[in-house]
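Undergrad:
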Amino acid sequence: MTQVVLKWIGLFALCFVLQSTLVQAMKIVSVGPDLLMLALFFLGIAYGPLAGLYVGFFLGLSQDLYSPSILGLNALSNTVTGFFIGLFNERMMRTDPLLKAIILMMAFILHDSIFSIAQVLKTSGSFGHAGIDLLVRTIPRGMYSAALLGLYYIYDFYFKPSIRR
Amino acid sequence: MQWIFQFIFRHRAVSSLFLTVVLSLLMLSATAARQQQVARALMMTIFYPFQFTLSLTSNVRNSFSENKKLRKEVAALTNQLAQYRQEAAENARLRTMIEFSDSMPIDLLPARVVLREPAPNYRSIAINVGSKQGVKLSMPVMTYHGAVGKVMQVMPHFSLVQLFQDPSCRVSVMVERSRGVGIMGTDNGHDFSFKCRSHIEVAKGDRVVTSGLGGVYPRGLDIGGVTGVVEDANPLFKKVSVRPYADLDRLEEVFVVRIQPQWAAFPQEADSLELHE
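Pasting the structure below:
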């Protein structure tokens, strides 16, 4: 159990570091993948909504602390997103990679929607800009991350020794 | 009371969601000052290890970018330094040339080498002075070490100089100590020699200067030092090897000696004596 917890902490820490370093170099037309969301997705899928929401909460909180945003914005959106992903956990149902990619896209949209709404309400901003952001940033970011997810499943299916057919 | 805990435990996922969402909303609704206070408290406690790791990676990242920037700066400064060194060396050479020019009784025109014959042993060079500056055909060319050749072609702003390395170039020379004369030349562009009468006293280290007899070079210009003396097949002569004082492979600045050739009155005869010997 301790090993599993440490493994996930290590994974999230690694994603945190990579997100602020490597991902900057992986950007295509200023769109890069969200490794933290991918890690949260894998965790939620594996351990369910309870783990998803707590990890999402702390992950969001740490993002709030380390990025110049309003405290609680990422915490709220990641909590709900982690819970949402956890609803599709593998203990409840088996899902194929395509469905998982769709769930990931929905998670991105949900996350950014909550984030944008909370931000607009907090800063008295415009919902129009938030909607445009959702189209021009969230969907490409989600697609990029879904592509990485696809690559992972291809690796998992064809190259991982334990899944040899 | 117990049923409340049982209810929460039974619906722990939803309860947790409610709790965390409420916590997040509380943080969101707090004032900026309060948010900073909470953030500081969280940073100092729960997130310290992550903060430490992140700051470490951030430092490494900064070091990489700083290293890259410093490399660029070092490259630029190295180039600048090389340029300064080159300019300093050139300055020293020019100072020497000026001093030399002042001490020489003859009219010297300083010139810069702008082109070399594209061959390992280049036999001619182009200099940046020509007829507009008063350069004429067959004027001697020298450095402050000594003579190096003569002008073989003149254009308005450039001139072509035939160096001693050209096997077709001959120069009338004289051993300074014993006044023995000969015509110095080379067969391969490296080894220079002349023949003089066998009774003339010549030794290794003797100074060889222009004799002034050829009509092109004035008497007494340094040529080189004697590096060896061997008996010739003809017992009447001996062969004297000479190493020029001027480094003919590294000429950068030269002087054109502005004197009229002595043979101007009888050019055809002079050509047969010196130019095509």
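Protein chains in written order, with our numbering: chain A, 1 to 165; chain B, 1001 to 1277.
Note that beta-carbon positions come from the ideal geometry of N, C-alpha and C, so glycine has one too.
Given the structure is predicted, the values throughout are model-derived calculations rather than measurements.
Within its chain, find whatever has a CB closer than 6 angstroms to the CB of Asn89 of chain A; leave out the 5 residues flanking it on each side and keep chain order.
TA: Ile45 and Gly48
Undergrad: In this structure, does DSSP put Asp64 of chain A in helix, strand or coil?
TA: helix
Undergrad: Just to make sure I have the definition right: I need the residues of chain A whose C-beta is within less than 9 angstroms of the C-beta of Arg1012 of chain B. Which are they?
TA: Leu50
Undergrad: Would you check if there are 3 or more beta carbon pairs closer than 8 angstroms linking the segment 28 to 46 of chain A to the segment 141 to 149 of chain A?
TA: Enough Cβ pairs lie closer than 8 angstroms, so yes.
Undergrad: Classify His111 of chain A: buried if its beta carbon has 16 or more other beta carbons within 10 angstroms, exposed otherwise.
TA: buried
Undergrad: Look up Leu1236 of chain B in the DSSP assignment and say whether it is helix, strand or coil.
TA: coil
Undergrad: What number of angstroms, rounded off, separates the C-alpha of Arg1258 of chain B from the C-alpha of Ser1211 of chain B?
TA: Distance from the CA atom of Arg1258 of chain B to the CA atom of Ser1211 of chain B, rounded to whole angstroms, is 18 angstroms.
Undergrad: When DSSP labels each residue in this structure, what does Ile1200 of chain B get in the three-state scheme?
TA: Annotated three-state conformation of Ile1200 of chain B is coil, per DSSP.
Undergrad: Quick one: what's got a C-beta closer than 8 angstroms to Gln1035 of chain B's C-beta in the same chain, skipping five residues either side?
TA: Met1027
Undergrad: Can you give me the Cβ contacts of Met1142 of chain B inside the same chain, cut-off strictly under 7 angstroms, excluding the 5 residues immediately before and after it?
TA: Within the same chain, Cβ atoms closer than 7 angstroms to the Cβ of Met1142 of chain B are found at Val1148, Leu1221, Val1254, Phe1255 and Val1257, the five residues on either side in sequence being excluded.
Undergrad: Which of the three DSSP states is assigned to Ser28 of chain A in this structure?
TA: Residue identity check: residue 28 of chain A is Ile in the sequence provided, not Ser. Strand at Ile28 of chain A.
Undergrad: Who are the near neighbours of His129 of chain A in its chain, counting only those whose CB is closer than 6 angstroms to its CB and skipping five residues on each side?
TA: Closer than 6 angstroms at Cβ, skipping near neighbours: no residue.
Undergrad: Can you name the residues of chain A whose CB is closer than 7 angstroms to the CB of Ala1039 of chain B?
TA: The answer, in chain order, is Leu65 and Leu71.
Undergrad: Taking just the CA atoms, how far does Asp1187 of chain B sit from Val1113 of chain B?
TA: 24 angstroms
Undergrad: At a CB-CB cut-off below 8 angstroms, which residues of chain A make contact with Gln1035 of chain B?
TA: Ile70, Leu71 and Gly72
Undergrad: Confirm, please, whether the CB-CB distance from Ile85 of chain A to Gly52 of chain A is below 7 angstroms.
TA: yes
Undergrad: Considering Ile114 of chain A, what are the terminal residues of the alpha helix (DSSP H) in which it resides?
TA: Pro97 to Thr123
Undergrad: Taking the runs of the alpha helix (DSSP H) that are 4 residues or longer, which of them lie wholly in the segment 1020 to 1087 of chain B?
TA: The qualifying runs are 1032 to 1044.
Undergrad: According to DSSP, simplified to helix, strand and coil, what is Thr1186 of chain B?
TA: Thr1186 of chain B: strand per DSSP, three-state reduction.
Undergrad: With 7 angstroms set as the bound, which would you pick, yes or no: does the beta-carbon of Thr1057 of chain B sit closer than that to a beta-carbon of chain A?
TA: yes
Undergrad: Taking the alpha carbon of Leu73 of chain A as the reference point, which residue from B:Leu1251, B:Ala1030 and B:Ile1008 has its own alpha carbon closest?
TA: B:Ala1030
Undergrad: Measuring alpha carbon to alpha carbon, tell me which of A:Leu87, A:Trp8 and A:Leu59 ends up nearest Leu104 of chain A.
TA: A:Leu87
Undergrad: Put Met1152 of chain B into one of helix, strand or coil per three-state DSSP.
TA: strand
Undergrad: Can you list the residues of chain A that Leu1028 of chain B reaches, using a CB-CB cut of under 9 angstroms?
TA: Ile70, Leu71, Gly72, Leu73, Ala75, Leu76, Ala118, Leu121 and Lys122
Undergrad: In chain E, what lies closer than 8 angstroms to Val1114 of chain B by C-beta?
TA: This model lacks chain E altogether; the protein chains it does include are A and B.
Undergrad: Identify every residue that forms a DSSP beta bridge with Thr21 of chain A.
TA: Paired residues: none, contrary to the question.
Undergrad: Just tell me which of A:Lys122, A:Gln24 and A:Phe16 has its CA closest to the CA of Ala39 of chain A.
TA: A:Phe16
Undergrad: Exposed or buried, which one is Ser126 of chain A when buried takes at least 16 other CB atoms within 10 Å?
TA: Ser126 of chain A comes out exposed.
Undergrad: Of all the CB atoms in chain B, is at least one closer than 7 angstroms to the CB of Phe83 of chain A?
TA: True, the Cβ-Cβ gap to chain B drops below 7 angstroms.
Undergrad: Listing by chain order, which chain B residues have their CB less than 8 angstroms from the CB of Thr79 of chain A?
TA: Leu1017, Thr1020, Val1021 and Ser1024
Undergrad: I'd like to know whether the C-beta of Arg1061 of chain B is nearer than 7 angstroms to at least one C-beta of chain A.
TA: The beta carbon of Arg1061 of chain B sits closer than 7 angstroms to some beta carbon of chain A.
Undergrad: Just to make sure I have the definition right: I need the residues of chain B whose C-beta is within less than 9 angstroms of the C-beta of Ser54 of chain A. Which are they?
TA: Sequence inspection shows Tyr at residue 54 of chain A; the Ser mentioned does not correspond to that position. Neighbours of Tyr54 of chain A on chain B, chain order: Ser1016 and Thr1020.
Undergrad: Here's the rule: buried if 16 or more other CB atoms are within 10 angstroms of the residue's CB, otherwise exposed. What is Ile1098 of chain B?
TA: exposed
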